[in-house]
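Novice: If you scroll down you'll find the structure; I have some questions about it.
In the numbering used here, the protein residues as written are -18 to 274.
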């Protein structure tokens, strides 16, 4: 918990550089990516939607992190964002409750085919059994088996006492009597985001994309500045000029053009979404542009 609090403080401190904020938030992503994914899967029953929901939740968390008044409350706060994103993704849709892995390649050949089919059927049966659990128990089970998180960690994420976590796991195991939970654990662990860096990299790209787009200057509607991303670099394009930007400190995200004494500050609304880009030269405000897409 201390590490979580420290990373939240660093990611929001006005004394941290923009790079330091990104680094600290990246650590939070690594710490909670499996939990966020497990939470989304427990709510959606779909591996692919769960990944999308968890990634979008982290981007939203980055945008709204300044609103978190108690850094140690980050786990439960993140869970609520994940569930909100799950609701958004499934609004008007019916999620697949027992999805098959579209990426599975079944070898064609006698015994191998039979074994692959049996394994797939077993995994589907176990997923169906887990899906049939009451939501509170299902959430605890999935959080536990994705990475064997401790009761304390699960409790902090669910915002319930460790005794409640223990009771939910005990009740779930009783309901799943006869089900080989090792099969579910093995299946789920192969899907957890922490298995490689791709999940965290997608979140990082999503965060940078918060700043990209077109901004129209309020005093000169004919002048539009485009901010685009190329990997981990941001560029501004306006009036036929392209400038690479680099970021550094302050309470706001400040971007400085390398070629001249320019500075840009992003402004956000109450939801943390970028709404304006304000440009300065030699300390003087030169223009204020509203984001149009």
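The beta-carbon is built from N, C-alpha and C at its ideal position, and this holds for glycine as well. Please read these numbers as outputs of a predicted model, since none were measured by experiment.
Looking at C-alpha atoms only, which residue of 152, 114 and 147 is the closest neighbour of residue 129?
Specialist: To locate residue 129, count along the chain shown from 1; it is residue 148. When each option's Cα is compared against that of residue 129, the closest is 147.
Novice: Between which two residues does the beta strand (DSSP E) harbouring residue 194 extend?
Specialist: In the chain shown, residue 194 corresponds to position 213, counting from 1. Where residue 194 is concerned, the enclosing beta strand (DSSP E) stretches over 194 to 198.
Novice: Check residue 123 in the structure and name its three-state DSSP category.
Specialist: Taking the chain shown and counting its residues from 1, the one referred to as residue 123 is at position 142. Residue 123 falls in the helix class under three-state DSSP.
Novice: When DSSP labels each residue in this structure, what does residue 177 get in the three-state scheme?
Specialist: Translated into positions along the chain shown, residue 177 becomes position 196. Looking at residue 177 - three-state DSSP - the assignment turns out to be coil, as it is neither helix nor strand.
Novice: From 167, 248 and 224, pick the residue whose C-alpha is nearest to that of residue 257; which is it?
Specialist: By one-based count along the chain shown, residue 257 stands at place 276. The option with the nearest alpha carbon to residue 257 is 248.
Novice: For residue 215, report the span of its alpha helix (DSSP H) as first-last.
Specialist: Residue numbering aside, residue 215 sits at position 234 when the chain shown is read from its first letter. Residue 215 -> not in any alpha helix (DSSP H); beta strand (DSSP E) instead, spanning 214 to 219.
Novice: Between 211, 184 and 244, which lies nearest to residue 44 when the distance is taken from Cα to Cα?
Specialist: Locating residue 44 in the chain shown gives position 63, counting from the first residue. Residue 184 is the option with its Cα nearest to residue 44.
Novice: Note down, in chain order, each residue of its chain lying with its Cβ closer than 7 Å to the Cβ of residue 49, except the 5 sequence neighbours on either side.
Specialist: Along the chain shown, one-based indexing puts residue 49 at 68. Apart from sequence neighbours up to five positions away, the residues of its chain that approach residue 49 with a beta-carbon distance below 7 Å are -11, 55 and 58, ordered along the chain.
Novice: Among 217, 179 and 28, which has the Cα closest to the Cα of residue 10?
Specialist: Mapped onto the chain shown, residue 10 falls at position 29. The shortest Cα separation from residue 10 among 217, 179 and 28 belongs to 179.
Novice: Helix, strand or coil: which one does DSSP assign to residue 208?
Specialist: The residue given as residue 208 occupies position 227 in the chain shown. Residue 208: strand per DSSP, three-state reduction.
Novice: Of the choices 214, 213, 204 and 212, whose alpha-carbon is the least far from that of residue 222?
Specialist: Position 241 of the chain shown, counting from 1, holds the residue named residue 222. Of 214, 213, 204 and 212, the residue nearest in Cα terms is 204.
Novice: The beta strand (DSSP E) that contains residue 246, what's its start and end?
Specialist: Against the chain shown, residue 246 aligns to sequence position 265. Residues 243 to 249.
Novice: Rounded to whole angstroms, what's the CA-CA distance from residue 88 to residue 210? Just pull it up for me.
Specialist: Translated into the one-based positions of the chain shown, residue 88 becomes position 107. Translated into the one-based positions of the chain shown, residue 210 becomes position 229. In this prediction, residue 88 has a pLDDT of 44, which is less than 50 and means its spatial position is unreliable; nothing more can be read from the coordinates.
Novice: Would you decide whether residue 3 is buried or exposed? Buried here means 16 or more other CB atoms lie within 10 Å of its CB.
Specialist: Against the chain shown, residue 3 aligns to sequence position 22. With 16 or more other Cβ atoms within 10 Å, it is buried.
Novice: Go through its chain and collect everything with a Cβ distance to residue 175's Cβ below 8 Å, but skip five positions before and after it.
Specialist: As a position in the chain shown, residue 175 is number 194, starting the count at 1. The beta carbon of residue 175 is closer than 8 Å to those of 11, 14, 15 and 128 in its chain, skipping five residues each way along the sequence.
Novice: Give me the Cα-Cα distance between residue 17 and residue 116, rounded to the nearest whole angstrom.
Specialist: Taking the chain shown and counting its residues from 1, one reaches residue 17 at position 36. Taking the chain shown and counting its residues from 1, one reaches residue 116 at position 135. Each residue's Cα considered, the two are about 16 Å apart.
Novice: Could you compute how far the alpha carbon of residue 91 sits from the alpha carbon of residue 139?
Specialist: Here residue 91 is taken as the residue at index 110 of the chain shown, counted from 1. Here residue 139 is taken as the residue at index 158 of the chain shown, counted from 1. Caution applies to residue 91, whose pLDDT of 49 falls short of 50 and renders its modelled position unreliable; the model cannot decide the point.
Novice: Suppose you measure from the CA of residue 0 to the CA of residue 29; what does that come to, to the nearest Å?
Specialist: Counting from one through the chain shown, the residue named residue 0 turns up at place 19. Counting from one through the chain shown, the residue named residue 29 turns up at place 48. Spanning the two alpha carbons is a distance of roughly 30 Å.
Novice: Give me the DSSP bridge partner(s) of residue 258.
Specialist: Translated into positions along the chain shown, residue 258 becomes position 277. According to the DSSP secondary-structure assignment, residue 258 is paired through a beta bridge with 247 and 270.
Novice: Let me know the secondary structure DSSP gives residue 51 once reduced to three states.
Specialist: Walking along the chain shown from the start, residue 51 turns up at place 70. Coil.
Novice: For residue 226, which three-state DSSP category applies?
Specialist: Taking the chain shown and counting its residues from 1, the one referred to as residue 226 is at position 245. Three-state DSSP puts residue 226 in a strand.
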